[in-house]
Structures are given as C-alpha cells and as structure tokens.
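Peer 1: Residue numbers (my numbering): 43 to 528.
Below, the structure is given as structure tokens:
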C-alpha cells in the first residue's frame, strides 16, 4: 500500500513539473513575440506614433531603394494587424513600382475593401494596369524588331509608373544596344549596377556596349567579373571567349603583315571579319587593313571592295579613301582614282604622299586618253624592238589598201594607225617619252582629221603577192600623204 502511494506521488510530481515547464515555455514565446512585434502592433494598443514610426522606416527604406526591407516591415505589420489599411496601400505602391503587378493588384484591392472608393488607390490601380499592358506591348515590339516603339512604351509608360522595375530597365538597355546607342546603354547599366553591382545581365549588356565601341579591355573586365560570380553563365562565356578569338585573329593578321606574309594576313583578316559582321567599330579597321594588303598584292578589284566597306562604315576615314584610289589605279579606273585622291588631298593638303599619288593618277588618266600604240600593234609594253617591227610588218601587210579593195576606206584608217604606232614605238627616244607619259609632237594623233602626217617607212624586202616595188601616195581625209619605200 505504501509502495503504491509513493508511486502515485512520484507520477503526480512529474505531471506538475511538466505543466509548469509548459506554462513557462508558452509565456516565454509570448513575450518574445510581443518584443519583436511591439512596434508593429502598437497601433492596436491605440498608439498612433508607433504606426507612424513604422511607415517612416518604410519611407526611409524606399528612399535608399531597400525595397525588400520595406516590404518585410509592411508584411509583418499586416500579419500583426490585418486591418491596417495604410500598410496594404504602401505595399501595393512598392510592388507596382517593382512591376510585380499581380501581387500589387491584390494589395490595392484589399485596401479598397477597407477604404472603398479611395480616389488615390483607384488612380494608382489604373496606372498599374497601364504599366502592365505597356510592358507586355514593349516586349512584343522588341520581339518583332520594332525597337523605337518598344523604347517609347518603356520610357513613357512603364518606367513612369514602375520606376524601380528591373525587368523594364534591362529591356531598355537591350533596346538601346539594338539601336546602337552605346553611350546611353553604358549610362543606364551604370545605374542598375549601382543598385546591384552583381547583376549578371547588366554586366553582360554593359560589356557588350563597350565591346561595340571597340573598348575591348573594359568589355573584357565586365565579362570576367560576371564569370567570377557565375562561371557557367552561357552568355557571358560566349561573349568573353568570342572577344578573345577576335583579338587573337586580329593580332595574327597584323603580325603576318609585319612579317611580309601577306597572303596569310588576308586569310586572317577575312576570318576576323566573319566572326562578328555587326562589330563596325572594329571591322572598319579590319576592312582597311585587308584593303592595304590587297593593294600590295596587286588585287585591285578585291582591294576596292574592302576599302569601300571601310568607307561605308566611316566616310571620313582618310586612309581608306587613299587606298581606294590606289585600288582604282590597279583596276584602271583612272577617273575614279583621281576623284578619290583629289578628295583625300583636299582633306589633307599637306600630305605629300597623297599629292604624289594624285599626280600619278592624273598622269595615268591623261595617258589613258591617248591612243594605245602597244594595243594597236598587238604587243606588250615590254616588247623588244624586233617584236615591234615584226608586228608592224604583219599588220601593214594585213591592212595594205591595195589588198583590201572591198573595204579600202577602213583599211586606209587602220593602216594610218599602224604606221603612227610604229613611228612612235619604233623610235627609242619617242617610245621612252611615250612610256613616261610625256607629250610627243607628230605622234599621228590627227591623222585623217585635216592636218595629216607624213610617214616614211623602209622595209627590207618587198611585200609578197605583187607588192615588191613600192607604194606611194596620199590617203584621202588628210592633207598630207604617206610614202612607203620597201
């Protein structure tokens, strides 16, 4: 019996101790909750200054753009007092500014349940719907390639009603990049990174802006910072390694030029240009470098294309204008060469190299307007005296008027040309002057025009077929005559 009483007392003692511990723990939790939530629930105790302090703290958080802290305070306040209407309104406003439209709309509607017909809330809810619609429209225009309209919607609607919307800010940066407004792009991403220095997309987009300005070192630093934060970020990796390949190709081309390996340089320049056709700030120099190499190789047509590409990017690039003039000389576009080089000389009148190139082009143009005696005789400019004489004898026989009775008039004209060509090319002194582009008197330029020239040629041997004696007489159309003694 005594043993049973002892056991009963022991069990009752344990039960009481458990009850005491339970009450202690519950009171401890309650005290902690009151201590933590006291500033938030003080409005319930009829202390308006506590609510004011809460909202002041929220306002301060918004000023320094600590939106998460402000939302945490408001969420806690609403949890403590679901009827605290101003907390709903302020939360809705912050969420709208952050373009978290769905949850923002719910908070506005909750506030309007507590404060029906509130004009300010109704107005802001309308602004929310405008911003939400404008953001969707902006993305639609962006996807369709209409960057101007997309930018208008972002600037004039979305960022007016949702100034803290990171999604809209990044879209604006992408639009500026697509519109090639790289300076504005750098400025806008600077604001984003000031708020969040580890924003990977902003680092990527800002790096691309510097890249397209050909400020490759700064671009590379942005890519590297992003990759340190996320080594597996696919777009950052693509941008970083793409830039490295471009710089490597460019350096290889320049090194091959310096080593005189021009054909290898051509391939490197072409390879670099193929990497990113949109990188105009860098490609203009690649096109120019390629043009200069092609001019050195004598590939005028290809050089002309490369120089024109450089000038299409930068119409004021003087060196490209000069090199295009040189390319036109190679393609025997004499007038085009003079035009380009004259324009270059006007831009840089003190540059003696340009003036010398212009003089060469003007001389070539002048020479191109003379009769090409080499072409008339069908010989090269390096033909020997013997080759010139053989060609002349062959053509003289072919176009002798007595052998062309049916087309005598044409034969006489051809015969004059052949005779005039031999008069110049058969004389060493006259040929030298002609090759130098100097004016030569009595070169047969007026044959048949009313002054005529008189040429006397002597062949060793006679013409076959009955022309062994001689031919002498004037041809109609000129005042003089031609005498041939064979």
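Glycine is no exception: its CB is placed at the ideal position from the N, C-alpha and C atoms.
Any idea what DSSP makes of residue 391, helix, strand or coil?
Peer 2: It is coil, neither helix nor strand.
Peer 1: Name the residue from 151, 329, 170 and 345 whose alpha carbon lies nearest to the alpha carbon of residue 336.
Peer 2: Nearest option by C-alpha distance: 345.
Peer 1: Return the CA-CA distance between residue 178 and residue 210, expressed in angstroms with no decimal places.
Peer 2: Going by the C-alpha atoms only, they are around 10 Å apart.
Peer 1: So what's residue 207 in DSSP terms, helix, strand or just coil?
Peer 2: If DSSP states are grouped into helix, strand and coil, residue 207 belongs with coil.
Peer 1: Could you compute how far the alpha carbon of residue 460 sits from the alpha carbon of residue 419?
Peer 2: Distance between the alpha carbons of residue 460 and residue 419: 7 Å.
Peer 1: Looking only at its own chain, which residues have a Cβ that is under 7 Å from the Cβ of residue 405, when we skip the five neighbours before and after it?
Peer 2: Result list for residue 405: 479, in chain order.
Peer 1: Around the Cβ of residue 368, are there at least 16 other Cβ atoms within 10 angstroms (buried) or fewer (exposed)?
Peer 2: Classification for residue 368: buried.
Peer 1: I'd like to know whether the C-beta atoms of residue 285 and residue 258 end up nearer to each other than 8 Å.
Peer 2: Taking 8 Å as the Cβ cut-off, residue 285 and residue 258 qualify as a contacting pair.
Peer 1: If you reduce the DSSP assignment to three classes, tell me which class residue 273 lands in.
Peer 2: Residue 273: coil per DSSP, three-state reduction.
Peer 1: Considering residue 588, what are the terminal residues of the alpha helix (DSSP H) in which it resides?
Peer 2: One cannot answer for residue 588 here, as it falls past the ends of the chain, which runs 43 to 528.
Peer 1: May I have the straight-line CA-CA distance separating residue 430 from residue 414, to the nearest angstrom?
Peer 2: Going from the Cα of residue 430 to the Cα of residue 414 covers about 14 Å.
Peer 1: When DSSP labels each residue in this structure, what does residue 198 get in the three-state scheme?
Peer 2: Residue 198 falls in the helix class under three-state DSSP.
Peer 1: I'd like the list of long-range same chain contacts for residue 180, defined as Cβ closer than 7 Å, with 5 residues on each side in sequence excluded.
Peer 2: Hits under 7 Å: 192, 195, 196, 200 and 213.
Peer 1: Using a Cβ distance threshold of 8 Å, determine whether the segment 95–105 contacts the segment 113–120, with at least three qualifying pairs required.
Peer 2: The segment 95–105, when compared against the segment 113–120, does touch it at the 8 Å Cβ threshold.
Peer 1: Work out the CA separation of residue 225 and residue 278 for me, nearest whole Å.
Peer 2: Those two C-alpha atoms are separated by around 20 Å.
Peer 1: From the DSSP output, in three-state form, read off residue 421 for me.
Peer 2: In this structure, residue 421 counts as coil in the three-state DSSP scheme.
Peer 1: Which residue spans inside the segment 245–309 form an unbroken alpha helix (DSSP H) run of at least 4?
Peer 2: The segment 245–309 contains these whole alpha helix (DSSP H) runs: 258–271 and 276–300.
Peer 1: Between residue 443 and residue 436, what straight-line distance do the alpha-carbon atoms span, to the nearest angstrom?
Peer 2: Roughly 14 Å between the two C-alpha positions.
Peer 1: So, helix, strand or coil for residue 171, using DSSP?
Peer 2: Of the three classes helix, strand and coil, the one that applies to residue 171 here is helix, per DSSP.
Peer 1: Under the three-state reduction of DSSP, which class applies to residue 447: helix, strand or coil?
Peer 2: Note: residue 447 maps to coil in three-state DSSP.
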